[in-house]
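Heads up, the thing below is written out as structure tokens.
2 protein chains.
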Amino acid sequence: MSKGSITTEETEKLSAVFGALADPTRRGIIERVRVESKTVAELASDFAISLPAVSKHLKVLDKAGLVHRAKSGKYILCSYNPEPGRAAMKWINEQHRFWQDSFAGLAEFLDKRKTTENGTDNNPDSM
Amino acid sequence: MSKGSITTEETEKLSAVFGALADPTRRGIIERVRVESKTVAELASDFAISLPAVSKHLKVLDKAGLVHRAKSGKYILCSYNPEPGRAAMKWINEQHRFWQDSFAGLAEFLDKRKTTENGTDNNPDSM
DNA sequence: ATTTCATTTAACCGTTTGGTTAATTGAAAA
DNA sequence: TTTTCAATTAACCAAACGGTTAAATGAAAT
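From first to last, the protein sequence lines stand for chains A and B. Numbering (my numbering) for the first sequence: 54 to 180. Numbering (my numbering) for the second sequence: 54 to 180.
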């Protein structure tokens, strides 16, 4: 398996993490629970949205692994888990490295656009 | 303005970037145009989806600033712009630093949950 | 000037999302 | 055991999403 390849599972996880972070309310939740654990009701009052709305956001964040919910007495305490964030940063960071696949990538680059399967020149640079 | 605060503009940009990265096809587009510029048709054939579908994805990526589209002859060449990715990484990375707001954050943490506006003890830790 | 053709826009479709209120759950308090 | 109440689920709604096919656009080629 080449260095740059990725499993379906990893792909879905990345989609879940980026999707979770795409909503400003959910990023706000992270910014709060990161500092200290919060109950669902505390978060709801912070954002002036209903309890069920917060509950749904928490489910999304939980599914992405970004937030952990632990029962504490009659409350649920939400805390931050940085691990999925690291995986997301890793993906972004890899896009900044040009020679990600090293030799394979180099060879592919040098050969690309010289020829095609049917022999037609479809190289846009040549126009 | 405190160190951790963020403008509406920055918030919307972050939502656009994370939202763009949430789709596996769009991440695939980035992985390809990052290595070398691609035409829209080339990308469409890579993913076996229609041309308009790719065009829509490119619009999302363009709006997020992650992809640049430049006319080259009768083609459009799509290339990668790493800058928005860096901003996204920066946000995630800041969530990993506990004392982001330094003194203000420390004071807030020490005082929190001791008292509330109406005097009621709503500290979940105390139950 | 006309034709060709890469790309985008328009119109549409089913699913997902982010919100609501009302009903349900289930553990703590009484 | 009964009551209380934090949180979730159910049911619903409008808007956004990701895809399609058909039509429009606009620059290059003829």
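Virtual Cβ for every residue (Gly too), placed ideally from N, Cα, C.
For my contact list, residue i and residue j are in at a C-beta cut-off of 8 Å; report their separation, rounded to the angstrom.
i: glutamine 148/B; j: isoleucine 83/A; result: 6 Å
i: alanine 117/A; j: alanine 69/A; result: 4 Å
i: serine 90/A; j: leucine 119/A; result: The Cβ separation is near 14 Å, so there is no contact.
i: tyrosine 133/A; j: valine 86/A; result: 5 Å
i: leucine 67/B; j: alanine 123/B; result: With a Cβ gap of about 25 Å, leucine 67/B and alanine 123/B do not count as contacting.
i: alanine 73/A; j: valine 113/A; result: 5 Å
i: proline 77/A; j: threonine 92/B; result: Actually they are not in contact, since the Cβ atoms of proline 77/A and threonine 92/B sit about 34 Å apart, beyond 8 Å.
i: histidine 110/A; j: arginine 79/A; result: 5 Å
i: serine 103/B; j: alanine 97/B; result: 7 Å
i: phenylalanine 71/B; j: phenylalanine 71/A; result: 5 Å
Give the residues of chain A in contact with residue i, contact being defined as C-beta atoms less than 7 Å apart.
i: arginine 87/B; result: Gln148
i: isoleucine 83/B; result: Gln148
In the DSSP assignment, the beta strand (DSSP E) including residue i goes from what residue to what residue?
i: leucine 123/A; result: A small correction: the amino acid at residue 123/A is alanine; leucine does not occupy that position in the sequence shown. Taken as a continuous stretch (DSSP letters only), the beta strand (DSSP E) holding alanine 123/A covers 120-125.
i: isoleucine 129/A; result: 128-133
Between which two residues does the alpha helix (DSSP H) holding residue i run?
i: leucine 98/B; result: The sequence shown places serine at residue 98/B, rather than the leucine named in the question. Here the alpha helix (DSSP H) through serine 98/B covers 93-100.
i: serine 108/A; result: 104-116
i: isoleucine 83/B; result: 77-88
i: isoleucine 145/A; result: 136-149
i: threonine 60/A; result: From DSSP, threonine 60/A is part of no alpha helix (DSSP H); its letter is neither H nor E.
Closer than 7 Å to a non-hydrogen atom of the ligand FAD - does that hold for the CB of residue i?
i: aspartate 76/A; result: As far as ligands go, the structure on display features none, and thus does not contain the ligand FAD.
Practice task
Can you give me, in chain order, the residues of the stretch 127-144 of chain A that have a beta carbon less than 9 Å from any beta carbon in chain B?
Solution key: Lys127, Tyr128, Ile129, Leu130, Tyr133, Pro135, Gly138, Arg139, Ala141, Met142 and Trp144
Handout entry: Near-chain B residues of the stretch 54-79 of chain A (beta-carbon distance less than 9 Å), N- to C-terminal order
Key = Gly57, Thr64, Glu65, Leu67, Ser68, Ala69, Val70, Phe71, Gly72, Ala73, Leu74, Ala75, Asp76 and Pro77
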